[in-house]
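Here's the structure we're looking at; comments come further down.
Numbering (the numbering used here), first residue to last: 142 to 638.
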């Protein structure tokens, strides 16, 4: 794995250069099958890179994690990050069995010597304090935020053991399958539980009041359509779902959106967490506001049983990095991460396009941008669907770029408006906003696929150009299904024979 480090400055030309370099890396796409762009956190065990992704854990009593060494992005612009995960193999997800879980961690990009946090219920992010201070384990170095996929269910809990205690929510009974968000902390203090939501019982949820330090269950349901699923689908100790993809019952994808916003007089971010399970999508965490800088209150664990109301100043780092941690106890399982995508909020949202009845021997014309949208704003309002702020009119049709899939990576074609495949030639017109496919003579393919991306129209807001390359969309698919022959009538000089 790469062991390169960036030294981050916060002034002058160097900061400008570094932040510009960071922006240029987005949108970012990594299948996570190679160790090339990842580094281990200090204190982590070994992880395995396989064709199906990163195996963060494979055995008992493991606390492992990796981060993207060279991906750095500015907090002021927020991010949208998606990744597939899988929990499978030995373990199970019944009431009494199952490994602890996985966490996405967000941290200060200027910090070197990143140390992973506590084992088991700490999910590699929060701390474990102890009566015997020699047994205490500090939390993740300068952690800002973690989104925990807590299969076993105790990552959110107030821990009360002689050899391990930490802050959390006082819950009298066991509650598995939670998405738990913990906040900023360092060493043996902080990392408060901001919000925790069950995915098996939508009414089982807790949120920290940042002004009082108390938890409430009385807040709006995150998804009006409801949801009910498990973080791990496979309830047997096999790995038959190892390559689960969209539509498979075991398929899971997490999409974390940290969206720049203003709430009353406070500047900060709204946090949304969406999950795809099988072929369904639900909002699990909806518009939790995190101030950029503020004094918050929470209950800190001062001993095994005692709590103290604590005031903590939280401050958002200028630049972020991201990583993934995972833990197991005596019960274990494989915990896998793959297909990581990161892009900026307010980059165009592009939709796949399909021609289900394309001609095998005649041109096919596609309105490729018909269902895609661009943006002319970079501020989010809590509770909104971000897509409602966009419009097709904000897309820059002249920024269109064809992409081809090479070695599992999307790469730009040499000519942005032209793409060649074994089936034929694709041509895009920025005037009509259409793609025309011209099949090769004698082509016998039953289907063909090409990809594209696009940018917003130029608009500068506070020094940010929404039409810049960093706001380019993710790749979307154009798929043609060749179902019939169209040239049954022979044309000569425009006349039928």
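Ideal Cβ positions, reconstructed from N, Cα and C, are used throughout, including at glycine.
Distance from residue 309 to residue 281 at the Cβ level is roughly 16 Å; contact not present, criterion being Cβ atoms closer than 8 Å.
Contact check for residue 590 and residue 619: beta-carbon distance about 7 Å, within the 8 Å limit, so the pair qualifies.
When beta bridges are read from the DSSP output, residue 605 appears opposite 602.
Within the model, the alpha-carbon separation for residue 578 versus residue 512 is close to 19 Å.
By the Cβ-count criterion, residue 477 is buried, with 16 or more other Cβ atoms from all chains shown falling within 10 Å of its own Cβ. Counted as a single uninterrupted DSSP element, the beta strand (DSSP E) harbouring residue 242 occupies residues 242 to 249. Counting the other CB atoms within 10 Å of its CB gives residue 289 a total of 16 or more, which places it among the buried residues. Residue 575: member of the beta strand (DSSP E) spanning 575 to 580, first to last residue.
Counting along the chain, the unbroken beta strand (DSSP E) around residue 465 starts and ends at 460 to 468. Under DSSP, residue 384 takes part in no beta bridge, so it has no partner.
In the structure shown, residue 181 falls within a strand segment according to DSSP collapsed to helix, strand and coil.
Put simply, the region 544 to 552 does not touch the region 490 to 506. Fewer than three CB pairs are less than 8 Å apart. Burial state of residue 560 is buried, judged by a 10 Å Cβ sphere holding 16 or more other Cβ atoms. In terms of Cα proximity to residue 211, the closest of 169, 487, 174, 400 is 169. Measuring C-alpha to C-alpha distances from residue 424 to each of 174, 587, 414 identifies 414 as the nearest. Boundaries of the beta strand (DSSP E) harbouring residue 228: 220 to 229, taken from the DSSP string. Ranking 553, 465, 379 by CA distance to the CA of residue 287 puts 465 first. Residue state for residue 193 is assigned as coil, using DSSP reduced to three classes.
Between the C-alpha atoms of residue 329 and residue 438 there is a straight-line separation of about 16 Å. Residue 316 and residue 627 have their C-alpha atoms spaced approximately 60 Å apart. Between the alpha carbons of residue 294 and residue 300 lies a gap of roughly 12 Å.
Taking 7 Å as the cut-off, the Cβ atoms of residue 481 and residue 171 count as close. The beta carbons of residue 473 and residue 231 sit about 6 Å from each other, so the pair counts as a contact at 8 Å.
Proximity to residue 190 across 179, 353, 566 peaks at 179, based on C-alpha coordinates. Closest in alpha carbon position to residue 393, among 405, 375, 403, 297, is 375.
DSSP places residue 357 in the strand class (E or B) of the three-state scheme. Residue state for residue 527 is assigned as helix, using DSSP reduced to three classes.
Check the Cα spacing between residue 252 and each of 260, 268, 208: the tightest is with 208. In the displayed model, residue 319 falls within a strand according to three-state DSSP. Burial is judged here by how many other beta carbons sit within 10 angstroms of a residue's own beta carbon; residue 525 has fewer than 16 and is exposed. The criterion of a C-beta distance shorter than 7 Å is satisfied by residue 264 and residue 244. Within the same chain, and ignoring the five residues on either side of residue 616 in sequence, the residues whose Cβ sits closer than 6 Å to its Cβ are 544, 551, 592, 594.
Setting aside the 5 residues that flank it on each side, residue 449 is surrounded in the same chain by 441, 443, each with a C-beta closer than 6 Å to its C-beta; the list follows chain order. Distance between residue 298 and residue 311, taken at the CA atoms: about 6 Å. At a Cβ-Cβ threshold of 7 Å, residue 475 and residue 176 do not count as neighbours.
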